[in-house]
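Here the structure is laid out as structure tokens; the discussion comes afterwards.
Numbering (our numbering), first residue to last: -10 to 241.
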């Protein structure tokens, strides 16, 4: 339903459709809906629209086998989100989106087709330099997001490696997961606004092409080649896999 107009918008379009045309120009729907909004209201509406787009993407990812979960806000003083127990064991199931609202966070579980390189610029890393390093290692970057802190998430095909457990001083980490389900992590998606960063959210720099991702996931030759490329990249940055069973949460 979120991929279509909401009920009030349907009613508005129906009203505009029957307006008399003699001497009257039909206003654009967007103009009618935003003309009287204050800057704060416009920003709030944009946040809701981004959240709805994120939810629609989550549904599409679940449809190709990548688990995504909705994270309700935590009570004051107990962290950002109420994290579900044993989330690393979850499969792709729409029920894990629960009673989603625009205030929920959205996070995909890595190791099921999508992994990511997490670049934290506040700890000294450079998104541009890391992208160049990925390219030099023949790692195909499928999408890129800008994080609330100014860092980057580079989406790549799952490689069968576990998430890395590196000191924050390096500024570069990975969110992955092996074939046995060990070392998986969470990756926040656009549409998520982080209380930790004053409500700032994740935005696309290079959007994710879900049909192309589905094709790539079904290509064993490409996946094997990308697994080798990711291993070469991890050796290049001196990354070591996390301990068995550890699942780290992206916080950039």
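Glycine residues also receive a C-beta, built at the ideal position from the N, C-alpha and C atoms.
Since the model is a prediction, treat every value here as computed from it, not as a measurement.
What does a CB cutoff of less than 6 Å around residue 70 pick up in its chain, not counting 5 residues either side in sequence? Closer than 6 Å at Cβ, skipping near neighbours: 60, 63 and 94.
Could you pull out every residue in the same chain whose Cβ sits closer than 6 Å to the Cβ of residue 84, ignoring the five residues on either side in sequence? Taken in chain order, the list of residues that qualify is empty.
Locate the alpha helix (DSSP H) running through residue 43, then write down its first and last residues. 28 to 52 is the extent of the alpha helix (DSSP H) around residue 43.
Taking residue 196 as the reference, give the member of 170, 150, 159 and 141 with the closest Cα. Of the listed residues, the one whose Cα sits closest to residue 196 is 141.
Would you call residue 173 buried or exposed, if buried means 16 or more other Cβ atoms sit within 10 Å of its Cβ? Its Cβ being crowded by 16 or more others within 10 Å, residue 173 is buried.
Simplified DSSP assignment, three categories, for residue 124: Reduced to three states, the DSSP call for residue 124 is helix.
Here's the rule: buried if 16 or more other CB atoms are within 10 angstroms of the residue's CB, otherwise exposed. What is residue 28? Exposed: under 16 other Cβ atoms inside 10 Å.
Assumed close pair residue 86, residue 50 - CB separation to whole angstroms, cut-off 8 Å: The beta-carbon separation of residue 86 and residue 50, rounded to 11 Å, does not stay under the 8 Å limit for a contact.
Thinking residue 100 and residue 166 are a contact (beta carbons under 8 Å), I'd like their distance in whole angstroms, please. That belief holds up - the Cβ atoms of residue 100 and residue 166 are roughly 2 Å apart, short of 8 Å.
Where DSSP assigns a beta bridge to residue 104, which residues make up the other side? Note: residue 104 sits in a beta bridge opposite 145.
Residues bridged to residue 202 [DSSP beta-bridge criterion]: Its beta-bridge partners do not exist; DSSP assigns none.
With three or more beta-carbon pairs closer than 8 Å as the criterion, would you say the segment 196 to 206 touches the segment 107 to 126? Fewer than three beta-carbon pairs drawn from the segment 196 to 206 and the segment 107 to 126 are found closer than 8 Å, and the two stretches are therefore not classed as touching.
By DSSP, does residue 171 sit in helix, in strand, or in coil? Note: residue 171 maps to coil in three-state DSSP.
What does a CB cutoff of less than 7 Å around residue 89 pick up in its chain, not counting 5 residues either side in sequence? Same-chain partners within the cutoff: 44 and 59.
Outcome for residue 225 when other beta-carbon atoms lying within 10 angstroms are tallied against a minimum of 16: Per the 10 Å Cβ criterion, exposed.
Beta-carbon contacts of residue 12 that lie in its chain and below 8 Å, excluding the five residues immediately before and after: Annotation note: pLDDT 39 at residue 12 (below 50); position unreliable, no value reported.
Our contact map puts residue 137 next to residue 190 with C-beta atoms below 8 Å; I'd like the distance itself, whole angstroms only. Yes, residue 137 and residue 190 are in contact; Cβ-Cβ is about 6 Å, under 8 Å.
Which listed residue (149, 187, 127 and 117) has its alpha carbon closest to that of residue 194: Ranking 149, 187, 127 and 117 by Cα distance to residue 194 puts 117 first.
Give me the residue from 79, 183, 41 and 215 with the minimum Cα distance to residue 150. The alpha carbon of residue 150 has as its nearest neighbour, out of 79, 183, 41 and 215, the alpha carbon of 215.
Measuring alpha carbon to alpha carbon, tell me which residue in 199, 210, 40 and 218 is nearest residue 52. Selected option, being the one with the closest Cα: 199.
Note down the Cα distance separating residue 133 from residue 65, rounded to an integer number of angstroms. Approximately 31 Å between the Cα atoms of the pair.
Of the residues 77, 82, 73 and 91, the one placed nearest residue 34, counting alpha carbons only: If we check each option's Cα against that of residue 34, 91 comes out closest.
Report yes if the C-beta distance between residue 163 and residue 228 is below 8 Å; otherwise report no. Contact flag set, yes.
Pull up the distance between the alpha-carbon of residue 81 and that of residue 48, whole angstroms please. Between residue 81 and residue 48, the C-alpha separation is close to 9 Å.
So residue 219 packs on residue 130, CB below 8 Å; how close in whole Å? Residue 219 to residue 130, Cβ: 11 Å. No contact.
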